[in-house]
Structures are given as structure tokens and as C-alpha cells.
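Colleague: Have a look at the structure that comes next, please.
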Amino acid sequence: MEPVDEAIYTKLKDDLIRYATTLVGPDEAEDVLSSVILRVLNRKRLSDLEEPKPYLFRAVLNESRNVLRRRRPIADMRDAVEDTHNHDWAVARAIRELPPRQRAAIYLVYWEDMTIVQTARAMGARPGTVKRYVHMARKTLRGVLDEHGI
Amino acid sequence: MNTEYEDKEAIRRGIALIVDESPPAPEICDLTTVSLKPERRSPSRLAVFGAAAAVTVALVGTVFALGSIGGGELGAGGPGGEFERILIQNPDWSVSRYDEFRGQMDTGDFYHHAETTYVAAGGAEVDLSLDTGNQERLDELIAGRRADGTQLADDTAMGAPVNVILYESSSLTAQPVAPAAGAQEDVILDEGAGNKYSAMWRVGNVIYELRGYVEEAQLRGLLADVTEVSEETFLEAMPDTVPTDRESTVDEMLEGIPVPAGFQVTPLYDGDLKDHYQLGAEVTGAVACAWIHQWIAATESGDTGAADEAVDAMDTSRDWDVLVDMQEYGDWPKAVWEYTDAIAGDGTVMGGRLLTVAESVDDALGCQTAN
Numbered sequence: 015m016e017p018v019d020e021a022i023y024t025k026l027k028d029d030l031i032r033y034a035t036t037l038v039g040p041d042e043a044e045d046v047l048s049s050v051i052l053r054v055l056n057r058k059r060l061s062d063l064e065e066p067k068p069y070l071f072r073a074v075l076n077e078s079r080n081v082l083r084r085r086r087p088i089a090d091m092r093d094a095v096e097d098t099h100n101h102d103w104a105v106a107r108a109i110r111e112l113p114p115r116q117r118a119a120i121y122l123v124y125w126e127d128m129t130i131v132q133t134a135r136a137m138g139a140r141p142g143t144v145k146r147y148v149h150m151a152r153k154t155l156r157g158v159l160d161e162h163g164i
Numbered sequence: 038m039n040t041e042y043e044d045k046e047a048i049r050r051g052i053a054l055i056v057d058e059s060p061p062a063p064e065i066c067d068l069t070t071v072s073l074k075p076e077r078r079s080p081s082r083l084a085v086f087g088a089a090a091a092v093t094v095a096l097v098g099t100v101f102a103l104g105s106i107g108g109g110e111l112g113a114g115g116p117g118g119e120f121e122r123i124l125i126q127n128p129d130w131s132v133s134r135y136d137e138f139r140g141q142m143d144t145g146d147f148y149h150h151a152e153t154t155y156v157a158a159g160g161a162e163v164d165l166s167l168d169t170g171n172q173e174r175l176d177e178l179i180a181g182r183r184a185d186g187t188q189l190a191d192d193t194a195m196g197a198p199v200n201v202i203l204y205e206s207s208s209l210t211a212q213p214v215a216p217a218a219g220a221q222e223d224v225i226l227d228e229g230a231g232n233k234y235s236a237m238w239r240v241g242n243v244i245y246e247l248r249g250y251v252e253e254a255q256l257r258g259l260l261a262d263v264t265e266v267s268e269e270t271f272l273e274a275m276p277d278t279v280p281t282d283r284e285s286t287v288d289e290m291l292e293g294i295p296v297p298a299g300f301q302v303t304p305l306y307d308g309d310l311k312d313h314y315q316l317g318a319e320v321t322g323a324v325a326c327a328w329i330h331q332w333i334a335a336t337e338s339g340d341t342g343a344a345d346e347a348v349d350a351m352d353t354s355r356d357w358d359v360l361v362d363m364q365e366y367g368d369w370p371k372a373v374w375e376y377t378d379a380i381a382g383d384g385t386v387m388g389g390r391l392l393t394v395a396e397s398v399d400d401a402l403g404c405q406t407a408n
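From first to last, the protein sequence lines stand for chains A and B.
If you read the first sequence in our numbering, its first letter stands for residue 15, the second for the next number, and so on.
If you read the second sequence in our numbering, its first letter stands for residue 38, the second for the next number, and so on.
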């Protein structure tokens, strides 16, 4: 790998592994990220990408969706260690059970602090659609918060 | 009654639990080794479950992305109105991106959002966002940012008081990594580094936020340069990626694309200014939605002729120039083609679960989302 590609990967890898973990869970996050990086590197250098971060986030989302297609249901991650009486875990579980695109949108907006337009670019979607994803996700999660009196 | 900020905090705590389980990212040496053996899907697992990675990402607020307009006000920045044209007029900064969109939630709340990205010669970026909102909304947004950050001295912009907050600081270097010899020099490596500031103010019923990873003095300097300008000046500042003649661009995009009987192109002429990619998504989305809705109706009524017509029309979408060009910049074309394949196949797509075209297309392609 070229030094500049190493620098890009080093800079982004923690963000990418967290995103992959949010989308597919910890058991397959590393596979997702490895597959994405290898696939990209087989075709081009990371430094050739005009905007590496949104490009790689899109690639992680796509690869994650491939993984989710092969694995259903999706809400089988880490349940054993969860304290089901813990409100935060209830929210975490609800986030995991969101449809993948809603989950991606709410992660990018809430955690990565991306704007709606940045999120749209990172998801390959229209801004209005992202807005709807976030709105729907919030509505679902609001229901969970209500159930737990939060 | 919880505030929106409290909701966000609760949701972030949930996300924190999820990302806390993240395994270490594969090391470069592992990737390099594996890249010589492409048949192997991944290097050996590095993570030990339960050994949670430290969460170092600051929990920061997302200001404009989520809320309704606040107070039910419409007016100049509302869905039927227009924002004033605002530019940061500074010779060291130029517009690299502009997007504007508006719509309505199922709650009936309208939103109207514009976002301009400015880039400096050294690669630094700031975003200037405009959203419809009243003072109550602004106060809520400032409270959210303040809870995450450090309140700094107020400033002024456009004659209005500006609230300035340092809300994220990273330990990562703020300096771009030097490119290798011979590599292009415009690689963006400073994203997420340095100090992130937010400056918010309100003029009329429009809330402004300027934010980015810059130095405080730099941010304050930019606030002084925020200026209301004429439409002509604004359009001249747009980069080539933002088509300023929307009507002719829409016509160009539609060349060679079959549209269903009764398809109305005129509404596409009247939308907001946005970059070529997002306009392409809007135009091709309108056509795809029309065909797919024809397919849905025809399938339900047993009109095989109309259903086949829609399938045949969408089958040409892989040759639509605009979609072919957009592939380089995002995955919108793949979303369209996923539905192209679905209507030609068994009428389903895979989301988190198996979904029918009828139940998912409006959401996936934004068929009922304005702009």
C-alpha cells in the first residue's frame, strides 16, 4: 500500500469500523471493512478518490447490506451480554433493529455529526430521503424511549 | 416532556454502546497481506469480544438535521418561500458545494434546508447551513451544542448576535498528512481533526449555522464576511458542479430517457438549486418513480401491457447517461437499478428484510419527498 493510502486508511479506519459495527454488529464488522478496503485497493488507490470518507462509508454500507442479505434476522448481536433492564441497551437494541438505511442515517447524523447533505452523499441517497430516514428512525426510537419512561 | 436534545442524548448513548463493541480495525499490514490473496475474505480476527474499544468520538450535537421548523412559522424561508442569497465573501474561500431541499414530514412539519460548503486553499472546509426556524428553535439548538461544548464570546453576523461554541476537539493532528512523492496533493486528510466550532444566529425566520474544523480567529473572520448578495452574484459563486440553468440541465438529463404517458416535466424545472448529482437523483427519481408506480398499479389490476411497458422502460435505465455519469460520485444509480431488477424479477428487494416494491419504493427512491 502506498504511504498516502496508508495515511488515509489510518485516518479513517476507526470511523469505518464503528460504522460497520453499527450496521452488522461486531462479529462481522472486521470482515466488512476488510472486504471493502481490499475491493477498493484492487481497483484504485485511496488517494485517487476525490472524497475518500464518503466513498468508503458508502462502500461499507453496501457491503453491510450484502452481509445482511445473507443473514436474517439481524437482531442477534450481543444479546447475551445485554442488561435488558438498562434503558441505554434498550435503545441500542432498537437501533440495531432499524432497517439498515435508517440505521445508517441515524448513525451518520447523530454520531458522525454529518449534515443531511453529507449523509446523503455518504449513503448515495437524496437529502430529502435521508431526512425521512432520520425522521422515521427517531419516531421508532421515541417509542422505545416512551416505553422506558425516558 | 423530553426535549429533542434529551432524545438525542439517549439515542447517542445507545449508539455508544454499539460502537463500544467495535473490534479493532484491521491493520494495514493485514490488509496488504490479504490483498495478495484476494480469495480470502478477511485477515484473522483481531478482536476479542468484550474488550471494547474506547469510544473516543466526541458526542456532538446535530443541529439542523432533525427538527421541524419550529413554531409552525413559514414565511420567507418556508416551503413556499425562498431563502435570501447568502455568501461568505472572502477571497481565500470558495464554494465547493451547494444543496438546497425542502419537504414535509408525515407529521405535517415542513423543512427547508440549504447547505453551502466552502473550501480554503489549504483544504480546510466550513459549512454554512440555513434552516427555517424561530427563536425558540434557535434557543433549543444552542442549548444542545452548549451541552456538548464550550461557550465562547458572542460575535455578530448579518447584524445579528451570534452564539459561538467549541463543541468538538480532536487529539488528531490538524495538519494534513504530506502526500507521498508524486501523489496528488489535494487528498483530504484533515477531516475530523482540530477544533470544531459552531456559530449560530437567526435573521427573521431563518436560522444560520457556520461550522467547521478551523481556528477560532478564522471562524470569527468568516462571520464578518457573511453577506446577503444578489441572485446573480450568488449564482456566479457556484462551482461548475452546481448547474445554475436548471431547466436546460433537466432537459439535457432527460434526453433519451423514456417517460410514461402524462409525465410532467415542468415541476422539475422549478426546484431548488443543487449540485449536479442531487439534481440527477431528483430527475431520474421522478422518472423511475413514475414508471414503477405504473408497474405497481398495472400489476395490481392485471394490466400486463402496462406492467411490461414499465419493465421495458426501466430496463433502459442502465444506459441513461445521467445515471452512468453519477456512478462515480455515489450509489444513487444502484438504488434505481435495484428496483429496475425487482420489477423485472419477483417484485421484491432486500432491505433489512424482504420488501415488496410497492411497500418500499417511495421510501427508497424518495418518490413522495419534495426535492
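Built from N, CA and C at the ideal position, the CB exists for glycine as well.
All of these numbers come straight from a predicted model, not from anything done at the bench.
#1: List the endpoints of the continuous beta strand (DSSP E) containing Asp441 of chain B.
#2: Which same chain residues end up closer than 7 Å to Val386 of chain B when comparing Cβ atoms and leaving out the 5 residues on each side of it in sequence?
#3: Tell me, please, which residues DSSP counts as bridged to Val148 of chain A.
#4: Can you confirm whether the stretch 16-29 of chain A touches the stretch 152-161 of chain A when touching is taken to mean that 3 or more C-beta pairs between the two stretches lie within less than 8 Å?
#5: Output the distance between the C-alpha atoms of Thr35 of chain A and Val302 of chain B, rounded to the nearest integer angstrom.
#6: For chain A, is any of its Cβ atoms less than 8 Å away from the one on Val320 of chain B?
#7: Here's a check: name, in chain order, each residue in its chain whose Cβ is nearer than 8 Å to the Cβ of Thr341 of chain B, leaving out the five neighbours to either side.
#8: Check Glu173 of chain B in the structure and name its three-state DSSP category.
#9: Output, in sequence order along the chain, the residues in the stretch 138-157 of chain B whose CB is closer than 7 Å to any CB in chain A.
#10: Does the stretch 176-184 of chain B come close enough to the stretch 147-158 of chain B that 3 or more CB-CB pairs lie under 8 Å?
#11: For Ser339 of chain B, which three-state DSSP category applies?
#12: Which residues bound the alpha helix (DSSP H) around Ser12 of chain A?
#13: Around the C-beta of Gln331 of chain B, are 16 or more other C-beta atoms found within 10 angstroms, so that it is buried, or is it exposed?
#14: Name the chain A residues whose beta carbon is nearer than 8 Å to that of Ala379 of chain B?
#15: Which residues of chain B have a Cβ atom closer than 7 Å to the Cβ of Val131 of chain A, listed in chain order?
#16: Please return the same chain residues whose Cβ sits closer than 6 Å to the Cβ of Thr286 of chain B, not counting the five positions on each side in sequence.
#17: Taking the continuous beta strand (DSSP E) assigned at Phe147 of chain B, which residues delimit it?
#18: Taking CB distances under 8 Å as the criterion, tell me whether Ala106 of chain A reaches chain B.
#19: Would the beta-carbon of Trp328 of chain B fall within 8 Å of that of Pro304 of chain B?
#20: Buried or exposed: Tyr23 of chain A, going by 16 or more other Cβ atoms within 10 Å of its Cβ?
#21: Any beta-carbon of chain B closer than 8 Å to the one on Lys58 of chain A?
#22: Measuring only the C-alpha atoms, how far is Leu54 of chain B from Ala106 of chain A?
#23: Taking only three categories from DSSP, how would you classify Ile202 of chain B?
#24: Would Ala134 of chain A and Leu75 of chain A be called neighbours here (beta carbons separated by less than 8 Å)?
#25: Less than 8 Å between the C-beta atoms of Val54 of chain A and Leu60 of chain A, yes or no?
#26: Please name the residue, chosen from B:Leu124, B:Met237, B:His313 and B:Ala184, that lies closest to Phe271 of chain B on a Cα-to-Cα basis.
#27: Give the DSSP-derived three-state secondary structure of Thr193 of chain B in the structure shown.
#28: Beta-carbon of Thr154 of chain A versus every beta-carbon of chain B: anything under 8 Å?
#29: Could you say if the stretch 184-202 of chain B and the stretch 231-241 of chain B meet the contact criterion of at least three C-beta pairs nearer than 8 Å?
#30: Going straight from the alpha carbon of Ile164 of chain A to that of Val123 of chain A, what length do you get?
Modeller: The answer reads as follows:
#1: Since the displayed chain B opens at 38 and closes at 408, residue 441 of chain B lies outside it and no answer follows.
#2: Position 349 of the second sequence holds residue 386 of chain B. So the qualifying residues of the chain are Glu375, Tyr376, Ala379, Leu392, Val394 and Ser397.
#3: Along the first sequence, read from residue 1 onward, the residue named residue 148 of chain A stands at position 134. DSSP output for Val148 of chain A lists no bridge partner at all.
#4: no
#5: Here residue 35 of chain A refers to the residue found at position 21 when the first sequence is read from its first residue. Here residue 302 of chain B refers to the residue found at position 265 when the second sequence is read from its first residue. Cα to Cα, the separation comes out at about 42 Å.
#6: The count along the second sequence starts at 1 and reaches residue 320 of chain B at position 283. No, Val320 of chain B does not count as interfacial toward chain A.
#7: Translated into positions along the second sequence, residue 341 of chain B becomes position 304. Same-chain partners within the cutoff: Ala335.
#8: For this step, residue 173 of chain B is matched to residue 136 along the second sequence. Here Glu173 of chain B sits in helix by DSSP.
#9: Phe138, Gly140, Met142, Tyr148, His150 and Glu152
#10: They do not touch, by the three-pair rule.
#11: The residue labelled residue 339 of chain B in the question sits at position 302 within the second sequence. Here residue 339 of chain B turns out to be Gly, not Ser, going by the sequence shown. Coil, per DSSP.
#12: The requested residue 12 of chain A does not occur in the structure, where chain A is confined to residues 15 to 164.
#13: Along the second sequence, one-based indexing puts residue 331 of chain B at 294. Counting of Cβ neighbours within 10 angstroms places Gln331 of chain B among the buried residues, the total reaching 16 or more.
#14: Indexing the second sequence from 1 puts residue 379 of chain B at position 342. Within chain A, no residue comes near Ala379 of chain B; the closest Cβ sits about 13 Å away, beyond 8 Å.
#15: Translated into positions along the first sequence, residue 131 of chain A becomes position 117. Per Cβ cutoff of 7 Å: Asp136 and Glu152.
#16: On the second sequence, residue 286 of chain B is found 249 positions in, with the first residue counted as 1. Same-chain partners within the cutoff: Pro280.
#17: The residue you call residue 147 of chain B lines up with position 110 of the second sequence. Phe147 to Ala157 is the extent of the beta strand (DSSP E) around Phe147 of chain B.
#18: For the purposes of this step, residue 106 of chain A is taken as residue 92 along the first sequence, with counting starting at 1. Yes - at least one Cβ of chain B is within 8 Å of the one on Ala106 of chain A.
#19: Within the second sequence, the letter at position 291 stands for residue 328 of chain B. Within the second sequence, the letter at position 267 stands for residue 304 of chain B. No; because the gap between Cβ atoms is not below 8 Å, this pair is not in contact.
#20: Your numbering for residue 23 of chain A matches position 9 in the first sequence. It counts as buried.
#21: For the purposes of this step, residue 58 of chain A is taken as the residue at position 44 of the first sequence. No, because no Cβ of chain B sits closer than 8 Å to the Cβ of Lys58 of chain A.
#22: As a working mapping, residue 54 of chain B is identified with position 17 in the second sequence. As a working mapping, residue 106 of chain A is identified with position 92 in the first sequence. Whole-angstrom Cα-Cα distance: 7 Å.
#23: Taking the second sequence and counting its residues from 1, one reaches residue 202 of chain B at position 165. Ile202 of chain B falls in the strand class under three-state DSSP.
#24: Here residue 134 of chain A corresponds to residue number 120 of the first sequence, with the count starting at 1. Here residue 75 of chain A corresponds to residue number 61 of the first sequence, with the count starting at 1. No, they are not a contact pair.
#25: For the purposes of this step, residue 54 of chain A is identified with residue 40 of the first sequence, where counting begins at 1. For the purposes of this step, residue 60 of chain A is identified with residue 46 of the first sequence, where counting begins at 1. Yes, the Cβ-Cβ distance between Val54 of chain A and Leu60 of chain A is below 8 Å.
#26: Walking along the second sequence from the start, residue 271 of chain B turns up at place 234. With distances taken between Cα atoms, Phe271 of chain B lies closest to B:Leu124.
#27: The residue you call residue 193 of chain B lines up with position 156 of the second sequence. If DSSP states are grouped into helix, strand and coil, Thr193 of chain B belongs with the strands.
#28: Here residue 154 of chain A refers to the residue found at position 140 when the first sequence is read from its first residue. Taking 8 Å as the CB threshold, Thr154 of chain A stays off the interface with chain B.
#29: yes
#30: Indexing the first sequence from 1 puts residue 164 of chain A at position 150. Indexing the first sequence from 1 puts residue 123 of chain A at position 109. Spanning the two alpha carbons is a distance of roughly 21 Å.
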